[in-house]
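In the UniProt record's numbering, the protein residues as written are 1 to 308. We put the beta carbon where it would ideally sit given N, CA and C, even for glycine. Please read the structure below before turning to the comments.
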């Protein structure tokens, strides 16, 4: 007999509901162990899970089923979660009582009461039957809104960084924009993949969009590169300044003089007539001393011979 529908596994966020079916009583012990390992792994994958085991489809319960439920309970305890059992059949209740589990487990008659005992507000969505061999759990039809919203936020952050890289590249450092772009794209890919794998309906379609947009943004960040203009050095760059050569002086020079007029300043004019006379006498004496006339004696003018 096929054992693919020996139990059902449902999830809604952190709430896990495992329903044992009557067909499980006819499954070989090795297959029961395989089913138990699969369900135990799914419980251990969550932090502080809230687990409900539904036994209402059963009319009786064998030792293999009891061992399976005990493994699920211990896995929930190991992760610090909560555990409850739903049962409304008297024979099944007697089996649990004889096994000493009725006093250790929270056993109620309906799922709604079990949710209240576990302080669960959201209702679990219907899911497909679990498959023997550790196949992944079926995607839930509800929930996933927060995960999808976080993915959309990551995509928007990455897109904003890409837009700033081209429209306002000087607003933030290029390294910061690149890091924001890649971080948002990677987070969007992760959240989009999780939403696509875990949920159905609108969250799943949102996850597909988040995944595609994130991949596109990641490729754009790797391929595209904004062109940055070189910074302007300003008009007062010392390297561009050219000092013009000094123009030669056009001031007239005395005949026979070879001195540079810029090197020696011109003599100041005499301020009084007496200084003018003394200066003229000195010049005459120098001229006479420097150029003597061999044919006639030199005449020296006295101070009295000068008339005003």
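For residue 84, the three-state secondary structure derived from DSSP is strand. The count of Cβ pairs closer than 8 Å, one atom from the region 158-172 and one from the region 191-206, stays below three, leaving the stretches out of contact. Considered as a whole, the region 7-76 harbours 29-44 as its complete alpha helix (DSSP H) runs of no fewer than 4 residues, in chain order.
Membership of residue 195 in the alpha helix (DSSP H) is indicated by the continuous run 174-198. Under the three-state reduction of DSSP, residue 110 is assigned to coil, being neither helix nor strand.
Residue 165 sits close to residue 181, with the two beta carbons spaced by under 9 Å.
DSSP places residue 104 outside both helix and strand once states are collapsed to three, so it counts as coil. By the beta-carbon neighbour count (other beta carbons within 10 angstroms, threshold 16), residue 113 is exposed. Short of 6 Å from the beta carbon of residue 96, and not among the five residues preceding or following it, lie these beta carbons of its own chain, in chain order: 102. Setting aside the 5 residues that flank it on each side, residue 109 is surrounded in the same chain by 88, each with a C-beta closer than 6 Å to its C-beta; the list follows chain order.
For residue 192, the closest C-alpha among the options 159, 145, 223 and 222 is that of 145. According to the DSSP assignment, residue 90 belongs to the alpha helix (DSSP H) that extends over 90-98. Rounded to the nearest whole angstrom, the C-alpha separation of residue 56 and residue 115 is 15 Å.
Scanning its chain for C-beta atoms nearer than 6 Å, with the 5 sequence neighbours on each side dropped, one finds around residue 106 the residues 84 and 117, in chain order. For the set 148, 71 and 41, the Cα lying nearest the Cα of residue 201 is the one of 148. For residue 203, the enclosing alpha helix (DSSP H) stretches over residues 202-223. The C-alpha of residue 197 is placed about 21 Å away from the C-alpha of residue 218. One thing to note: residue 71 has its Cβ no nearer than 9 Å to the Cβ of residue 100. Between residue 16 and residue 59, the gap from beta carbon to beta carbon reaches 9 Å or more.
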